[in-house]
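Undergrad: Got a structure here, written out as structure tokens. Questions coming.
There are 2 protein chains.
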Amino acid sequence: MDIQLKRGLLDVCVLAAIKNEESYGYKIIKDVKPYVELSESTLYTILKRLETAEMLTVRSAEHEGRLRKYYSITDAGLGRIDEFKEDWKEIESIYQFVAREC
Amino acid sequence: MDIQLKRGLLDVCVLAAIKNEESYGYKIIKDVKPYVELSESTLYTILKRLETAEMLTVRSAEHEGRLRKYYSITDAGLGRIDEFKEDWKEIESIYQFVAREC
DNA sequence: CGATATACTTCGTGATACGATGTATATCGT
DNA sequence: ACGATATACATCGTATCACGAAGTATATCG
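Residue numbers (the numbering used here), protein chains in the order written: chain L, 1 to 102; chain D, 1001 to 1102.
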């Protein structure tokens, strides 16, 4: 998919991936993969950004000798998803405008 | 609407605005306005980019003493719109993923 | 005659997706 | 026993891009 099109979709995809239960980097990538391709460098950039924006919280825990950082969504994160749903109406009308035959 | 979300949508909106008949900057902004807000500086950047990518062609003509640059879509431009329609299927599935309740 | 609309242009800035690269451990197959 | 692969997180540099600000210039309307 077009890179530019992914912008604005990725943040919200990551939030959706931790919406129901906390998750960690590698799992998020796998969960999101069926919908969008997401590289590790991109994901960790996004996670840091969302953390700064207080849309998620982090806790570190050891899992089988390896460190894992578990991410949980906050109310602000849930609010971000709601905003996206609002924006979706506009996006759909844009699609109609672009795809219309005449 | 979220700026990041607009990326990838704007190019295609501009192409859609000249899809059926040639148009010019000021008119494109007005035609697209009901769907997305688009500033002049953004539009002219986009027009230049699309021209470089050979998705549109330009001709200059005088109109009531003022210069106007008329833009027409090319086959590559029409192809770009088709690509967007393809991407749309993915975008919709992303929306389902993000907006699902569970 | 000033405000507003039309019309195009350039510059600088901030946001951001991604490839490349690096570190480190666990598991699986042969 | 050992190499490949999967798991897991991190950093850096680059290219792309939307936008506000500011500028130039003419036409129209009240």
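All C-beta atoms in this analysis are idealised placements derived from N, C-alpha and C, irrespective of residue type, glycine included.
Could you check which residue in D:K1033, D:T1057, D:K1027 and D:E1022 has the C-alpha nearest to that of S93 (chain L)?
TA: Selected option, being the one with the closest Cα: D:K1033.
Undergrad: Using a cut-off of 9 angstroms between C-beta atoms, extract the partners of I91 (chain L) located in chain D.
TA: Within 9 angstroms Cβ-Cβ: M1001, L1005, L1009, I1091 and Y1095.
Undergrad: Which residue's Cα is closest to the Cα of R1080 (chain D): D:Y1095, D:G1065 and D:E1051?
TA: Of D:Y1095, D:G1065 and D:E1051, the residue nearest in Cα terms is D:E1051.
Undergrad: Nearest by alpha-carbon distance to S23 (chain L): which of L:Y35, L:I3 and L:S60 is it?
TA: Answer by Cα proximity: L:S60.
Undergrad: Is DSSP giving S1072 (chain D) helix, strand or coil here?
TA: Strand, per DSSP.
Undergrad: What three-state label does DSSP hand Y1095 (chain D) in the structure shown?
TA: Helix, per DSSP.
Undergrad: So for Y26 (chain L), helix, strand or coil by DSSP?
TA: Of the three classes helix, strand and coil, the one that applies to Y26 (chain L) here is helix, per DSSP.
Undergrad: Along the chain, where does the alpha helix (DSSP H) containing V12 (chain L) start, and where does it finish?
TA: Here the alpha helix (DSSP H) through V12 (chain L) covers L10 to A17.
Undergrad: What three-state label does DSSP hand E62 (chain L) in the structure shown?
TA: Three-state result, E62 (chain L): strand.
Undergrad: For a cutoff of 8 angstroms on Cβ pairs, would you count K85 (chain L) as touching chain D?
TA: Answer yes: the Cβ-Cβ gap between K85 (chain L) and chain D drops below 8 angstroms somewhere.
Undergrad: For G1077 (chain D), I'd like the list of residues in its chain whose CB is within less than 6 angstroms of its CB, leaving aside the five on either flank, ordered along the chain.
TA: If we look at G1077 (chain D) and ignore the five residues flanking it on each side, its Cβ neighbours are L1015, M1055 and L1056.
Undergrad: What number of angstroms, rounded off, separates the C-alpha of K97 (chain L) from the C-alpha of L67 (chain L)?
TA: For the sequence presented, residue 97 (chain L) should be read as Phe rather than Lys. For F97 (chain L) and L67 (chain L), the distance between alpha carbons rounds to 48 angstroms.
Undergrad: Could you tell me how far apart the beta carbons of G1008 (chain D) and R7 (chain L) are, in whole angstroms, since I believe they sit closer than 8 angstroms?
TA: Right, the Cβ-Cβ distance comes to about 7 angstroms (below 8 angstroms), so this counts as a contact.
Undergrad: May I ask you to report which of helix, strand or coil DSSP gives L56 (chain L)?
TA: Of the three classes helix, strand and coil, the one that applies to L56 (chain L) here is strand, per DSSP.
Undergrad: Which residues mark the beginning and the end of the alpha helix (DSSP H) in which L125 (chain L) is found?
TA: Residue 125 (chain L) cannot be examined here, being either before or after the span of chain L that is shown, 1 to 102.
Undergrad: List the DSSP bridge partners of L67 (chain L).
TA: BP columns for L67 (chain L) point to L:E62.
Undergrad: At a CB distance below 9 angstroms, what residues from the segment 62 to 74 of chain L approach chain D? Give them in sequence order.
TA: Flagged: no residues at all.
Undergrad: Select from D:A1017, D:I1046 and D:E1021 the residue whose C-alpha is nearest the C-alpha of K1030 (chain D).
TA: Looking at the Cα atoms, D:A1017 is the closest of the given residues.
Undergrad: I need the straight-line Cα distance from D75 (chain L) to I3 (chain L), nearest angstrom please.
TA: Cα to Cα, D75 (chain L) sits roughly 28 angstroms from I3 (chain L).
Undergrad: Report all residues from its chain with a CB closer than 7 angstroms to the CB of S72 (chain L); omit the five preceding and five following residues, and keep chain order.
TA: Counting only Cβ-Cβ distances below 7 angstroms, and skipping sequence neighbours, we find I18, E22, L56 and T57.
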